[in-house]
Structures are given as structure tokens and as C-alpha cells.
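Peer 1: Read top to bottom, the protein sequences are chains H and D.
Sequential numbering of the first sequence, starting at 1, is according to our numbering.
Sequential numbering of the second sequence, starting at 1001, is according to our numbering.
The beta-carbon is built from N, C-alpha and C at its ideal position, and this holds for glycine as well.
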Amino acid sequence: MLRGAVTRDPSQRACAALLTAIESGEPADGPGTTVELDLALVDRWIRTGALVEALALLGGTPMGSLDTGREWANLLGELLAPVPVDAEPTFVEMHRQLLSGGASVALTLAEERERQGAEGMPAWASRRLELLRWMLLDNAAVAESYRELPSTAPSALSAALREPMGRRNIAQALEAARAFSDERPGDEDARRAREALEAILEEVELHSGAETHHSLTIPMYGLPAAAMQLRMGNLSAACAIYRKLEGRAEEGDATRMLHEVEALERALAGMPVATQSWGDDTTQLQLPESDGWEDESFDEDATLDGLESVAPVTTLDAPAGVDMAPTSEMPGAAAQAERLVEAGRLDEAEQLLRSLAKLGGGDRDALLARADAVAEMRAKRDSSDVLVRRIKPVK
Amino acid sequence: MTEPNRPPAPGWTPPPSTEADGRADVLYVDVDDQSFRSSVERLRRAYNLLRAQKDRDACDLIREHHRDLVAVLLDVDMPGSVLDGILLTRILRGRVPSQAVPPFARNLPALDVPIVLVTERDEGYSDDEMRRYGGDRLMRKPVEIHKLTLVLTEWHLQRAQGASST
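Laid out in C-alpha cells, this is it:
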């Protein structure tokens, strides 16, 4: 599990130290809080692409021998199994990404390969793509919803918003809020809920990439990731991302959006909305559960390494009559690399560009040149990080 | 314990293990048919098991398929064979002087893949002992897919981290 964590995120220094201690035979006294090892934790890890850790947890605890745990362990065992020695470079790279925490990049590569010709996909590869989709992309079906929010004082406003939000339809929730507000011109809570929904819908549309025509699964980070969570009705997940983005200059909208989403959460929970303003204490809101790791990357506020990443999303053709808007439409993998650059995830962007170049995904020279440029950006950033860290007070 | 609400996993009926469909090849050395069948049933979704019943067959298959193998599973006891799993492991890792190696097991190609020893017995060797002999893990039969993948994953990550630290 520690190997998986360190491979996925080298900034997990506590994990690296613990791994070193175990390897050298020292007592393994881990830092941090006690975390309940249960399937919910495994589920969260799977959703965030920590597949190796999830498999190790299942394999190392009794969970892996019980019904659901055993099924998940076997599916992870199948997904993470080595690819054949003579497998296409795409699948070799996909496997490497899966082992190193790049589940969303792996999914991108596999789907690109599928788009090039599904008939040429070996059965095992199609199966693994299917499994990967199942593991990462079923969030919308089981996502947290307003029902999990503390609802101490349900209100008429809450009742009006719950139905459309339960269907994860923000546009209809906004319509309901507008209607509610129009009927009660003096209701400040309704006005504030309407404003929050307008802002949320605008944010979702801003990041929906509607200008593109090709459907493609992509990994998402930062504000787009939060917007994707909003689109799926995952308010608490969106809040968790915005909280982590707060204070980063390049994510200036995070604070504003956090307050908009919290306002909506309050409305849904039947709590006062209008009296809350930016900077109010929000500790009464339900915080997301711990993911089991010490989130030390976010102590390093000088770096961008800790940007929240979430499972990628796929655009699907919505069945007729089913209210399931596509979660995102984005350009190709090269454009995804640019998004990674924008999000400050330069390591992954460089890796993706080099992988694409190696796999013949477009203009090889241009991709390699861009990868070199990103590497240079990363080097500059890393050197500036060192300076920042030196003057940062020790917490 | 509340279970997360996931939709059912996508089902799949993999082709029979005898069909060459491109799954990763694993050498399985065990004379016990029942054990082999049980392991095939558990592993076939991701692994294609090449079976050898005895040490000679194992050496032949290694010579023929060493480039394709991603792992080797050896029965600890290997009844009916000259070599047992431990000795064959040591030979495969080059830890036995050539004069002490039976002729059929000499000049085997180098195998840079995990070697897992399998057994039906509760008592046996510890993982530390396995590593001393050159093996990577001891597993109870039948081998479960997640356990084998976990061993292979750890092996890959260990290699990758070792490479990056040098």
C-alpha cells in the first residue's frame, strides 16, 4: 500500500518514510489519525484512482475474503494484472499508468485506442477498459447527494429544490428557485438560493467545453473538476475541491464558488441562507470524510502538486427520456495535456505528451517539443518552490 | 459495516484458457490436476497459465516461453520431480553452482519475473525465507487473482522505485 501511495504521489513523505522504516526492519509507527478500514474507504480510493492501494487494502484485510470485498479484489486483480509481454505500447503504457496512480490517464489512453478501432482491441483489453470505466465513472449513479446533508430544519424552499437536485438537474433546480422566489419576493433565502444556483449553473456551463464536438474521457483537475462534481450533484465533493483550491491565485474563483455551493447546501438543508456571507464560519457544514491519507501536499501551499484530482468523466449518449446530461465534452488527449499544464500538473502533462508521442498520437515532433517545454516550466517551478519553501515558516 | 452502493460490475466470460488470446503468460508447475484447475478458474480472467507437471517440463517451457512469462508459480513440494520448488527457484535465480544442477536444468535462460511458491500446507516457509531462496512470495493453493496481481504489482513498483532512486 505504501509503495502504491509513494508511486502515485511522491510528495507523500510520511508514506515514504514509513516505507523506508518497514524496509529497514524498524517499527512501523505511522503518523496521523486512525482511519476505519472499510469498503467505503476502498470505494473512495478506487474513485480517486488509488487502485494499487485499494487492492492492497483488500488483500491485506479480512474485507478481501468477504462477498463484495472479494469481488472488488478480484476485479482489481484483473485490472492491474500485467499486460502480455507483446502487448501494444498503448496497453503497456496504460498498465504503467494504472500502477502509478494515473488511472484517469490510463483510461484516456485506452479510450483513444478504442476510438481508433475497437475491433482491433484484444478481449482482455476491452474488458479492462470496461472495468476501468466501471470503477472510475459510475460516480453519478451513486454520488453523494443532498440527502446526506444534515437537515435540521427542512423548509419550503428546501422542499422545492430537493426534487430537481435529487435528479442532479441544476437547470431545473434554478427554475424551481426562480419560481419560488417570484412567489415570495421578500424571501431573502430564496433570492440567495436562486443566485447561488445561477452562479453554479454558469460555472458548470463554463467548464463543460461545449465548443468541442468530440466525446472523450479526460482526467480533470482544479476548477473543472469541481464543476464536474457540481454537474453530478456532488455538492460536498465540489466543496472539498474548492476548499483545497482556496487561496491559490490561479484558482481565484474557488472561494466565490465555495460560498455559492455552501449557500445551496444550506438551502437544501433547510438552514438560513441569506444571513450567511463570505467568510462566515462554515464548520457546521458536514465536511467530507477523510480519504485515509495525511493530506500533507496541501501544507505545501507554495506548490501546485496538491491540486485536487478526481475520476475522469466520459460523455455518453444519454438514453432517450433519461435526464443524464453528459458530464463533459473535451478535446483530444493533446488538449488534455494542455489542461494539465493549466492546472499546474506539469509532471503529468509532460508524461502524457511523451506517451502520446511514443504512441504516435499526432505530430510526434510537436508533441516532444511541447513536452520539453513543459519539462522546462516544471524545472523553473521546482527551483522556485525550493526558494519558497526555504522561507516558509515551519508549521 | 455499510457497503457503498455501486452498480453491479460488468460481467465477462473469458475465452477458455487454452485459447491464445493475448493474456499474460504465467508458468504453473504442479502435478496436482485439481489444484491446477482451481487456479486456472481463478486466474483465467487475466492470466494464461502454461502448465508443467514436473521439473523437466518446467525447464522445457521456460526455454520455450521465457520471453513471454510475467510470473512463475511453483509447487513447493513438486512430488515426482527431482527438484522441489525451492531448489528450482534457486536454480532459476542462479544461486546453485552449475555442477550441482541436474543436466536438464542447466543453461536455463535468465528469468526476470516474480517467482511465487504455492502450497496446500499451513505450515511452511516465511516470506523472508522465500526471499532468501530467491522467491518472492509463498501462497496457499488455489492462487487467487488479486493475490497474484498484488505480488506482481509490488514487484513492478519495487523495480520502478529502485530504478528511480539509482
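Buried or exposed for residue 3/H, going by 16 or more other Cβ atoms inside 10 Å?
Peer 2: Its Cβ being crowded by 16 or more others within 10 Å, residue 3/H is buried.
Peer 1: Are the beta-carbon atoms belonging to residue 270/H and residue 155/H less than 8 Å from one another?
Peer 2: Yes.
Peer 1: I need the straight-line Cα distance from residue 1035/D to residue 73/H, nearest angstrom please.
Peer 2: Those two C-alpha atoms are separated by around 21 Å.
Peer 1: Using a Cβ-Cβ distance cut-off of 8 Å, determine whether residue 1136/D contacts chain H.
Peer 2: Chain H contact via Cβ: absent.
Peer 1: With DSSP run on the structure shown, which of helix, strand or coil describes residue 94/H?
Peer 2: Residue state, collapsed to three classes: helix.
Peer 1: Output yes if chain H places a C-beta closer than 8 Å to the C-beta of residue 1143/D; else output no.
Peer 2: With 8 Å as the cut-off, residue 1143/D does not count as an interface residue toward chain H.
Peer 1: DSSP three-state call for residue 1044/D: helix, strand or coil?
Peer 2: DSSP places residue 1044/D in coil when its eight states are reduced to three.
Peer 1: Would you say residue 77/H and residue 1146/D are within 8 Å of each other, going by their C-beta atoms?
Peer 2: Yes. Within cutoff.
Peer 1: At a CB distance below 8 Å, what residues from the region 1–31 of chain H approach chain D? Give them in sequence order.
Peer 2: Residues 3, 4, 6, 7.
Peer 1: Helix, strand or coil for residue 1057/D per DSSP?
Peer 2: In the structure shown, residue 1057/D sits in a helix (DSSP, three-state: H, G or I).
Peer 1: Provide the residue span of the beta strand (DSSP E) that contains residue 1028/D, from first to last.
Peer 2: Residue 1028/D -> beta strand (DSSP E) spans 1024–1029.
Peer 1: Excluding the five sequence neighbours on either side, which residues of its own chain have a C-beta within less than 6 Å of the C-beta of residue 411/H, listed in chain order?
Peer 2: As displayed, chain H neither begins before 1 nor continues past 395, which places residue 411/H out of reach and without an answer.
Peer 1: Show which residues of chain D have a CB atom less than 8 Å away from the CB atom of residue 347/H.
Peer 2: Chain D residues near residue 347/H: none, gap ~13 Å exceeds 8 Å.
Peer 1: At a Cβ cut of 9 Å, what residues of the region 170–184 of chain H count as close to chain D, listed as they run along the chain?
Peer 2: Going along the region 170–184 of chain H in chain order, one finds no residue with a Cβ nearer than 9 Å to chain D.
Peer 1: Thinking just about the alpha-carbon of each residue, which of 21/H, 100/H, 121/H is nearest to the one in residue 7/H?
Peer 2: Nearest C-alpha to residue 7/H: 100/H.
Peer 1: Residues in its own chain within less than 7 Å of residue 1151/D by CB, not counting five upstream and five downstream?
Peer 2: Excluding sequence neighbours, residue 1151/D sits near 1114, 1116, 1136, 1137.
Peer 1: Using C-beta distances below 8 Å, list every residue in its chain close to residue 151/H, excluding the 5 sequence neighbours before and after it, in chain order.
Peer 2: Note that residue 151/H has pLDDT 44, beneath the 50 cutoff, so the model's placement of it is unreliable and the number below is only indicative. If we look at residue 151/H and ignore the five residues flanking it on each side, its Cβ neighbours are 158, 268, 269, 270.
Peer 1: Return the CA-CA distance between residue 336/H and residue 97/H, expressed in angstroms with no decimal places.
Peer 2: C-alpha separation (whole angstroms): 16 Å.
Peer 1: Within 10 angstroms of its Cβ, does residue 148/H collect 16 or more other Cβ (buried), or is it exposed?
Peer 2: In this prediction, residue 148/H scores a pLDDT of 41, lower than 50, which makes its location untrustworthy; the coordinate-derived value is nonetheless stated afterwards. Exposed, by the Cβ-count rule.
Peer 1: Which chain D residues sit within Cβ distance under 8 Å of residue 234/H?
Peer 2: Near residue 234/H there are no residues of chain D at all, since even the closest Cβ is about 14 Å away, more than 8 Å.
Peer 1: Would the region 1080–1091 of chain D and the region 1038–1047 of chain D be scored as touching if the rule is three or more Cβ pairs under 8 Å?
Peer 2: Result no; under three Cβ-Cβ pairs closer than 8 Å.
Peer 1: In whole angstroms, what separates the C-alpha of residue 1078/D from that of residue 1023/D?
Peer 2: Each residue's Cα considered, the two are about 26 Å apart.
Peer 1: Which chain D residues sit within Cβ distance under 9 Å of residue 117/H?
Peer 2: Near residue 117/H there are no residues of chain D at all, since even the closest Cβ is about 16 Å away, more than 9 Å.
Peer 1: Which residues, in chain order, does the region 88–117 of chain H contribute to contact with chain D at a C-beta distance below 8 Å?
Peer 2: From the region 88–117 of chain H, only 99, 100 have a Cβ closer than 8 Å to chain D.
Peer 1: For a quick check, are the C-beta atoms of residue 1/H and residue 56/H less than 8 Å apart?
Peer 2: Cβ distance < 8 Å, so residue 1/H and residue 56/H count as in contact.
Peer 1: Out of 68/H, 103/H, 13/H, 58/H, which one is the CA nearest neighbour of residue 1006/D?
Peer 2: Residue 68/H is the option with its Cα nearest to residue 1006/D.
Peer 1: Evaluate residue 124/H with the Cβ neighbour count: other Cβ atoms within 10 Å of its Cβ, from every protein chain shown; 16 or more gives buried, anything less gives exposed.
Peer 2: Buried: at least 16 other Cβ atoms inside 10 Å.
Peer 1: Could you check whether the Cβ of residue 272/H sits closer than 8 Å to any Cβ belonging to chain D?
Peer 2: No, because no Cβ of chain D sits closer than 8 Å to the Cβ of residue 272/H.
Peer 1: So residue 1169/D and residue 1027/D are supposed to be a Cβ contact under 8 Å. How far apart are they, rounded?
Peer 2: A query on residue 1169/D cannot be resolved here, the shown segment of chain D reaching from 1001 to 1166 and no further.
Peer 1: Given this structure, state the Cα-to-Cα distance separating residue 54/H from residue 131/H, to the nearest angstrom.
Peer 2: The straight-line gap from Cα to Cα measures roughly 15 Å.
Peer 1: Between which two residues does the beta strand (DSSP E) containing residue 1139/D stretch?
Peer 2: Start and end: 1137–1140.
Peer 1: Taking the C-alpha atoms as reference points, what is the distance between residue 1128/D and residue 23/H?
Peer 2: Cα-Cα distance, rounded: 12 Å.
Peer 1: Could you tell me the alpha carbon to alpha carbon distance between residue 187/H and residue 206/H, rounded to whole angstroms?
Peer 2: If you take the alpha carbons of residue 187/H and residue 206/H, they lie about 29 Å apart.
Peer 1: Determine the contact status of residue 70/H and residue 90/H, defining contact as a CB-CB distance below 8 Å.
Peer 2: Against a cut-off of 8 Å, the Cβ pair of residue 90/H and residue 70/H comes out as no contact.
Peer 1: Got a sec: is the Cβ-Cβ distance from residue 1037/D to anything in chain H below 8 Å?
Peer 2: It does not; no Cβ of chain H falls within 8 Å.
Peer 1: Could you name the residues of the same chain whose beta carbon sits closer than 6 Å to that of residue 229/H, not counting the 5 residues immediately before and after it, in chain order?
Peer 2: Only 237, 238 meet the Cβ criterion.
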